[in-house]
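Residue numbering for the sequence shown follows the working numbering, starting at 3 and increasing by one per position. Ideal placement from N, C-alpha and C gives every residue a C-beta, glycine not left out.
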Amino acid sequence: MEMVDRCISCGKGFVGKGFVTFICPMCDTVIGRCGDCREQSVKYTCPTCGFTGP
C-alpha cells in the first residue's frame, strides 16, 4: 500500500487519533482521511478515478 501523509479532504497532516487509509472502492488508489473529516462526513474525491465518497 502506498504511503499517504495528508487527509484528502482538508489536507491536514496525519497526527493524532482517527486517521485512516483505505483503497478507493473504484480503483487501487490509496486515500487518507483524518478523524475530523470522517466524523463530519466531509466529501472526498479520488484523484485518480473521480469517485466521490462521504
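Got a sec, what are the start and stop residues for the beta strand (DSSP E) Arg35 sits in?
Here residue 35 refers to the residue found at position 33 of the sequence shown. First-last of the beta strand (DSSP E) with Arg35: 32-35.
With a threshold of 16 other CB atoms inside 10 Å of the CB of Ser57, please say whether the residue is buried or exposed.
Residue coverage of the chain in this structure runs from 3 to 56, which leaves residue 57 outside it and unanswerable.
Residue of Thr54, Lys45, Cys36, Tyr46 minimising C-alpha distance to Val22
In the sequence shown, the residue the question calls residue 22 occupies position 20. If we check each option's Cα against that of Val22, Cys36 comes out closest.
Short Cβ contact (8 Å threshold) for Cys9 with Phe53:
In the sequence shown, residue 9 corresponds to position 7, counting from 1. In the sequence shown, residue 53 corresponds to position 51, counting from 1. Cβ distance not < 8 Å, so Cys9 and Phe53 don't count as in contact.
Going by the CB atoms, is the gap between Ile33 and Cys51 shorter than 8 Å?
As a working note, residue 51 is residue 49 in the sequence shown. As a working note, residue 33 is residue 31 in the sequence shown. Against a cut-off of 8 Å, the Cβ pair of Ile33 and Cys51 comes out as no contact.
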